[in-house]
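Some notes on the structure that comes next.
In this note's numbering, the protein residues as written are -16 to 77.
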């Protein structure tokens, strides 16, 4: 029982620390009016479809947060694991 209590305390401390670091990084980049690196990812049957879906996920993420895209999206794909996995990233500002 003591082990479970210690594990719960450690998990809560980790979650609180992660939230603090995320808030600090967000504030460092200007807070509400700053910019972030938005992203979307997808694993599909073909690389073209994975790229398309990763870009769609990126756009949906930015729209859900009310962010405006800046620059062009960068898409990186990995085909070494069998199915193509692509990640799309783009600077987005509020």
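Glycine included, C-beta positions come from ideal geometry on N, C-alpha and C.
Only a predicted model underlies this, so the values are computations on that prediction, with no experimental measurement involved.
The beta carbon of residue 75 is closer than 7 Å to those of 18, 19, 21, 45, 50, 51, 52 and 53 in its chain, skipping five residues each way along the sequence.
Within the stretch 15 to 75, the complete beta strand (DSSP E) segments at least 3 residues long are 18 to 26 and 51 to 61, listed from N- to C-terminus.
One Cα belongs to residue 27, the other to residue 63, and the distance between them is close to 13 Å.
Residue 68 holds the alpha-carbon nearest to the alpha-carbon of residue 30 among 55, 39, 73 and 68.
Listed in chain order, the non-local C-beta contacts of residue 57 below 8 Å within the same chain comprise 71, 72 and 73, local neighbours out to five positions each way being set aside. Straight across, the Cα-Cα distance linking residue 66 with residue 33 is about 9 Å.
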